[in-house]
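Asks: The structure follows.
Protein chains: 2
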Amino acid sequence: MKLYGYFRSSAAYRVRIALNLKGIAAEQVPVSLIKGEQQQATYTALNPQGLVPALATEQGLLTQSLAIIEYLESQHPTPALLPGDAWQQAQIRAFALALACDIHPLNNLRVLKYLTGDLALEDTQKNQWYAHWIQTGFAALESQLTQTAGAFCFGDSPTLADVCLVPQVYNAKRFNVDLSAFPKVQAIAEHCNTLPAFIDASPEQQPDAPK
Amino acid sequence: MKLYGYFRSSAAYRVRIALNLKGIAAEQVPVSLIKGEQQQATYTALNPQGLVPALATEQGLLTQSLAIIEYLESQHPTPALLPGDAWQQAQIRAFALALACDIHPLNNLRVLKYLTGDLALEDTQKNQWYAHWIQTGFAALESQLTQTAGAFCFGDSPTLADVCLVPQVYNAKRFNVDLSAFPKVQAIAEHCNTLPAFIDASPEQQPDAPK
Numbered sequence: 001m002k003l004y005g006y007f008r009s010s011a012a013y014r015v016r017i018a019l020n021l022k023g024i025a026a027e028q029v030p031v032s033l034i035k036g037e038q039q040q041a042t043y044t045a046l047n048p049q050g051l052v053p054a055l056a057t058e059q060g061l062l063t064q065s066l067a068i069i070e071y072l073e074s075q076h077p078t079p080a081l082l083p084g085d086a087w088q089q090a091q092i093r094a095f096a097l098a099l100a101c102d103i104h105p106l107n108n109l110r111v112l113k114y115l116t117g118d119l120a121l122e123d124t125q126k127n128q129w130y131a132h133w134i135q136t137g138f139a140a141l142e143s144q145l146t147q148t149a150g151a152f153c154f155g156d157s158p159t160l161a162d163v164c165l166v167p168q169v170y171n172a173k174r175f176n177v178d179l180s181a182f183p184k185v186q187a188i189a190e191h192c193n194t195l196p197a198f199i200d201a202s203p204e205q206q207p208d209a210p211k
Numbered sequence: 001m002k003l004y005g006y007f008r009s010s011a012a013y014r015v016r017i018a019l020n021l022k023g024i025a026a027e028q029v030p031v032s033l034i035k036g037e038q039q040q041a042t043y044t045a046l047n048p049q050g051l052v053p054a055l056a057t058e059q060g061l062l063t064q065s066l067a068i069i070e071y072l073e074s075q076h077p078t079p080a081l082l083p084g085d086a087w088q089q090a091q092i093r094a095f096a097l098a099l100a101c102d103i104h105p106l107n108n109l110r111v112l113k114y115l116t117g118d119l120a121l122e123d124t125q126k127n128q129w130y131a132h133w134i135q136t137g138f139a140a141l142e143s144q145l146t147q148t149a150g151a152f153c154f155g156d157s158p159t160l161a162d163v164c165l166v167p168q169v170y171n172a173k174r175f176n177v178d179l180s181a182f183p184k185v186q187a188i189a190e191h192c193n194t195l196p197a198f199i200d201a202s203p204e205q206q207p208d209a210p211k
């Protein structure tokens with residue numbers, strides 16, 4: 001399999017973590033979001049959305065990080081990223097979606113570029129926007145973690161929730177967002193980042209990361 | 001079961017369609033997003049995210065429209081909203097996520113309010129922003145539909161893809177976005193809107209819609 005991604009894409013980072021946790025090999029193909037390679041015809045012919053990640057498999061191309069991870073889960077069920085019964089799975093999916101739908105889409109590169117480019121906002125306004133959605137979203141997650149967390153978001157093994165949380169925390173730190181109000185969020189991310197599956201998926205470890 | 005929602009919330013609209021398609025009854029509890037009821041303590045005590053929809057079940061509360069629908073699918077598998085094998089399911093999930101992650105989060109009420117409120121953008125800039133994400137997102141979906149569509153997004157029965165598409169088309173029309181470049185998207189939404197499950201879920205049919 002080939003994973004089309006970008007070292008700093010949070011969505012590609014999620015898929016890298018999931019592949020590593022499950023011990024699945026995939027060749028990485030860098031698509032530079034900074035150079036706009038995701039909008040070039042060679043890539044959009046493959047993925048009309050012009051976004052990363054995309055996973056090329058023997059059956060064809062899969063897009064959307066959460067759809068890719070659900071597919072990997074179905075083909076390689078162990079270790080489970082959606083453990084437990086349907087109710088528990090719904091709670092884990094909801095946590096992941098709170099990150100993937102309510103925080104990340106507002107703060108990714110194409111959106112920030114549109115704010116400062118097409119809408120001519122200042123960098124200070126962009127940073128205010130970025131921090132607002134992180135702090136709004138993390139406040140709700142911090143509250144939910146009081147009921148579900150162990151060493152990870154749900155108990156003592158990593159799930160889809162952690163797979164989505166760690167890239168968002170990485171991104172928030174890169175934008176210098178104050179995370180002091182979210183000790184559980186931070187502690188879980190720090191714990192994840194001691195594990196090889198998360199370390200090896202981190203942006204700095206990717207082939208397209210600047211030296 | 002009780003569904004906390006708002007007549008114009010696209011995410012609540014998705015869950016209403018899914019409930020109707022599966023023939024599951026749920027009492028509707030309106031939460032007025034315009035009046036800010038979703039941020040009031042009585043609601044955030046129930047759902048710390050302060051968002052709709054939320055589904056109160058005997059086991060407790062479920063949040064996030066796609067997590068709710070996946071749960072309903074597991075408990076009431078027929079008619080299937082994720083039919084087919086794991087590969088087909090991944091394609092349907094990816095289409096739904098392209099709407100739920102890459103279009104809707106940028107264009108919902110709280111985000112538009114933040115643009116014109118905290119960031120002091122003009123209404124014309126807000127409308128430009130709205131149309132941009134619709135047109136970018138729908139262009140990719142229109143292209144994908146050439147390969148998958150029948151009367152619905154995937155073949156000839158409704159799936160999670162249609163459940164997410166119809167509310168987004170409704171919303172785009174409310175904002176007067178030009179959809180002429182997306183004939184397949186429009187034809188599928190129009191077809192869906194001839195079916196009782198979609199008609200009964202539409203904003204105008206809800207108890208909290210203005211008379």
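Sequence lines, in order, name chains A and B. Counting from 1, position 169 in the first sequence corresponds to residue 169 in full-length UniProt numbering; the numbering is continuous, with no gaps. Counting from 1, position 21 in the second sequence corresponds to residue 21 in full-length UniProt numbering; the numbering is continuous, with no gaps. Cβ coordinates follow ideal geometry from the N, Cα and C atoms, glycine included. Remember, predicted model here, so these are calculated numbers, not experimental data.
1) What first and last residue would you give for the alpha helix (DSSP H) that runs through G137(B)?
2) Rounded C-beta distance between residue 214(B) and A100(B)? I'm assuming under 8 Å.
3) Three-state secondary structure (DSSP) at L21(B)?
4) Check the C-beta distance from F175(A) over to L141(A) and give it rounded, since I have them as a contact under 8 Å.
5) Have a look at the DSSP bridge pairing and note the partners of Y6(B).
6) Could you confirm whether any beta carbon from chain B is found closer than 8 Å to the beta carbon of residue 216(A)?
7) Provide the residue span of the alpha helix (DSSP H) that contains A67(A), from first to last.
8) Considering only the alpha carbon of each residue, which of A197(A), L55(A), H191(A) and D156(A) lies closest to residue 288(A)?
9) So Q38(A) and A98(B) are in contact, right, with Cβ under 8 Å, and what is the actual spacing, rounded?
10) Could you check which residue in C164(B), L160(B) and G36(B) has the C-alpha nearest to that of P105(B)?
11) Interface residues of chain B around L121(A) at Cβ under 9 Å?
12) Between M1(A), A187(A), G84(A) and P48(A), which has its C-alpha nearest Q59(A)'s C-alpha?
13) At what residues does the alpha helix (DSSP H) containing V185(B) begin and finish?
14) Do L179(A) and A187(A) have their CB atoms nearer than 8 Å?
15) Please list the terminal residues of the continuous alpha helix (DSSP H) segment that includes T44(B).
16) Can you find the residues in the same chain that come closer than 7 Å, C-beta to C-beta, to A161(B), ignoring five residues on each side of it along the sequence?
17) Near A26(B), which residues of its chain fall below 8 Å by C-beta distance, leaving aside the five closest residues on each side in sequence?
18) Going along the chain, which residues of its own chain have a beta-carbon closer than 7 Å to the beta-carbon of D123(B), five neighbours each way excluded?
19) Once you ignore the five residues that flank Y114(A) on each side, which residues in its own chain have a CB closer than 8 Å to its CB?
20) Would I68(A) and A197(A) qualify as a contact pair, given that the criterion is a beta-carbon distance under 8 Å?
21) Hey, is Q59(A)'s beta-carbon within less than 8 Å of any beta-carbon in chain B?
22) Where does K35(A) land, buried or exposed, given buried means 16+ other C-beta within 10 angstroms?
23) For T63(A), return the contacting residues in chain B, with the cut-off set at a CB-CB distance below 7 Å.
24) In chain order, what residues of the same chain have a beta carbon less than 8 Å from the beta carbon of K126(A), not counting five sequence neighbours either side?
25) Check whether the Cβ atoms of A149(B) and H191(B) sit closer than 8 Å, and answer yes or no.
26) Straight-line CA distance for S82(B) to H132(A)?
27) Which bits of chain B does C101(A) rub up against, with CB to CB less than 9 Å?
28) Under the three-state reduction of DSSP, which class applies to T116(B): helix, strand or coil?
29) Residues of chain A with a CB under 8 Å from the CB of Y114(B): which are they?
30) In terms of residue numbering, what span does the alpha helix (DSSP H) encompassing V166(A) cover?
31) Would you please verify whether the beta carbon of S143(A) is less than 8 Å from any beta carbon of chain B?
32) Which chain A residues are close to A56(B), counting only those with a beta carbon under 8 Å from its beta carbon?
33) Would a check of beta-carbon distances place Y71(B) closer than 8 Å to chain A?
34) Compare the Cα-Cα distances from A181(B) to each of A201(B), P79(B) and F138(B) and report the closest residue.
35) Express the C-alpha separation of P183(B) and I103(A) in angstroms, rounding to a whole number.
36) Return the residue from the list H76(A), Q75(A), Q89(A) and E70(A) that minimises the CA-CA distance to L62(B).
Replies: Inspection of the coordinates gives the following:
1) Position 137 of the second sequence, counting from 1, holds the residue named residue 137(B). It spans D123 to T148 - the alpha helix (DSSP H) in which G137(B) sits, taken as one unbroken run.
2) Residue 214(B) is absent from the model: chain B starts at 1 and stops at 211.
3) The count along the second sequence starts at 1 and reaches residue 21(B) at position 21. Helix at L21(B).
4) In the first sequence, residue 175(A) corresponds to position 175, counting from 1. In the first sequence, residue 141(A) corresponds to position 141, counting from 1. F175(A) to L141(A), Cβ: 17 Å. No contact.
5) Counting from 1 along the second sequence, the entry for residue 6(B) is found at position 6. DSSP lists no partner for Y6(B).
6) In this structure chain A extends from 1 to 211, so residue 216(A) is not present and cannot be described.
7) Locating residue 67(A) in the first sequence gives position 67, counting from the first residue. Here the alpha helix (DSSP H) through A67(A) covers S65 to Q75.
8) Residue 288(A) falls outside the range modelled here, since chain A spans only 1 to 211, and no answer is possible.
9) Working through the first sequence from its first residue, we reach residue 38(A) at position 38. Working through the second sequence from its first residue, we reach residue 98(B) at position 98. Not a contact, Cβ separation roughly 14 Å.
10) Reading the second sequence from its first residue, position 105 is the one you call residue 105(B). Out of C164(B), L160(B) and G36(B), C164(B) has the C-alpha closest to the C-alpha of P105(B).
11) Counting from one through the first sequence, the residue named residue 121(A) turns up at place 121. By Cβ distance, chain B contributes L119 and L121.
12) Along the first sequence, read from residue 1 onward, the residue named residue 59(A) stands at position 59. Nearest option by C-alpha distance: M1(A).
13) On the second sequence, position 185 is the one that residue 185(B) refers to. Its alpha helix (DSSP H) spans residues P183 to C192.
14) For the purposes of this step, residue 179(A) is taken as the residue at position 179 of the first sequence. For the purposes of this step, residue 187(A) is taken as the residue at position 187 of the first sequence. It is not a contact, given that the beta carbons lie outside the stated cut-off.
15) Here residue 44(B) corresponds to residue number 44 of the second sequence, with the count starting at 1. Where T44(B) is concerned, the enclosing alpha helix (DSSP H) stretches over A41 to T44.
16) As a position in the second sequence, residue 161(B) is number 161, starting the count at 1. These residues qualify, in order along the chain: I92, F95, A96, C153 and F154.
17) For the purposes of this step, residue 26(B) is taken as residue 26 along the second sequence, with counting starting at 1. Cβ within range, chain order: M1, K2, L3, L19 and L55.
18) Your numbering for residue 123(B) matches position 123 in the second sequence. T116, listed in sequence order.
19) The residue given as residue 114(A) occupies position 114 in the first sequence. Excluding positions up to five away in sequence, the list is empty.
20) By one-based count along the first sequence, residue 68(A) stands at place 68. By one-based count along the first sequence, residue 197(A) stands at place 197. Going by C-beta atoms, I68(A) is not nearer than 8 Å to A197(A).
21) The sequence position of residue 59(A) within the first sequence is 59, counting from 1. Yes, its Cβ sits closer than 8 Å to a Cβ of chain B.
22) Position 35 of the first sequence, counted from the start, is the residue given in the question as residue 35(A). K35(A) should be labelled exposed.
23) Within the first sequence, numbered from 1, the residue matching residue 63(A) stands at position 63. A94, listed in chain order.
24) For the purposes of this step, residue 126(A) is taken as residue 126 along the first sequence, with counting starting at 1. Counting only Cβ-Cβ distances below 8 Å, and skipping sequence neighbours, we find L112, L115 and T116.
25) Numbered from 1 along the second sequence, position 149 holds the residue referred to as residue 149(B). Numbered from 1 along the second sequence, position 191 holds the residue referred to as residue 191(B). No, these two residues do not count as a Cβ contact at 8 Å.
26) The residue you call residue 82(B) lines up with position 82 of the second sequence. The residue you call residue 132(A) lines up with position 132 of the first sequence. Reading off the sequence shown, one finds Leu at residue 82(B), where the question assumed Ser. Their Cα atoms are separated by approximately 35 Å.
27) For the purposes of this step, residue 101(A) is identified with residue 101 of the first sequence, where counting begins at 1. A11, Q64, S65, L66, L97, A100, C101, H104 and P105, listed in chain order.
28) For the purposes of this step, residue 116(B) is identified with residue 116 of the second sequence, where counting begins at 1. It is helical.
29) As a working mapping, residue 114(B) is identified with position 114 in the second sequence. Residues of chain A passing the Cβ test: W129 and H132.
30) If you number the first sequence from 1, residue 166(A) lands on position 166. V166(A) -> alpha helix (DSSP H) spans L160 to R174.
31) Within the first sequence, numbered from 1, the residue matching residue 143(A) stands at position 143. Closer than 8 Å to some Cβ of chain B, the Cβ of S143(A) qualifies, so yes.
32) Position 56 of the second sequence, counted from the first residue, corresponds to residue 56(B). Here the premise fails: no neighbours, minimum Cβ distance about 13 Å.
33) Position 71 of the second sequence, counting from 1, holds the residue named residue 71(B). Yes, because at least one Cβ of chain A sits closer than 8 Å to the Cβ of Y71(B).
34) Within the second sequence, residue 181(B) is the residue found at index 181, counting from 1. Answer by Cα proximity: F138(B).
35) The residue you call residue 103(A) lines up with position 103 of the first sequence. The residue you call residue 183(B) lines up with position 183 of the second sequence. Approximately 31 Å between the Cα atoms of the pair.
36) Residue 62(B) sits at position 62 when you count from the first residue of the second sequence. If we check each option's Cα against that of L62(B), Q89(A) comes out closest.
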